[in-house]
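One structure is given here, and the rest of the page talks about it.
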Amino acid sequence: MSNDARTEIRTFITTKFPDVTFSDEEDIFALGFVNSLFAMELVMFIEKAFGTRIPNEELHLGNFRSVALMADLVARQTSAAVG
Numbered sequence: 001m002s003n004d005a006r007t008e009i010r011t012f013i014t015t016k017f018p019d020v021t022f023s024d025e026e027d028i029f030a031l032g033f034v035n036s037l038f039a040m041e042l043v044m045f046i047e048k049a050f051g052t053r054i055p056n057e058e059l060h061l062g063n064f065r066s067v068a069l070m071a072d073l074v075a076r077q078t079s080a081a082v083g
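This is the structure:
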């Protein structure tokens, strides 16, 4: 699931910012092309794409800084929903 989540998240970001290159571990906010408004788009995308709800305690920038961190968040939320 994690690699699939990474692929979907990366595709969503690169669709919005096609001229930017970054690794799955890079801080997309530090790179300067992502802002807080786009962070909310990421939340909505993740919830819709992966059929999950991100609880308020998980809605902090630390979970959205990189593709890898977002994929980890998806894995936690989907496993919590199953368990």
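Per UniProt numbering, residue 1 is the first one in the sequence shown, and the count goes up by one each step.
Note that the Cβ used here is the ideal one computed from N, Cα and C, for glycine as well.
Since this is a predicted model, take the numbers as computed values, not measurements.
Listed in chain order, the alpha helix (DSSP H) runs fully inside the UniProt domain "Carrier" (1-78) are 2-16 and 36-50, counting runs of at least 4 residues. If you check the CB distance, R53 and D24 do not come in under 7 Å.
At a Cβ-Cβ threshold of 7 Å, F45 and L31 do not count as neighbours.
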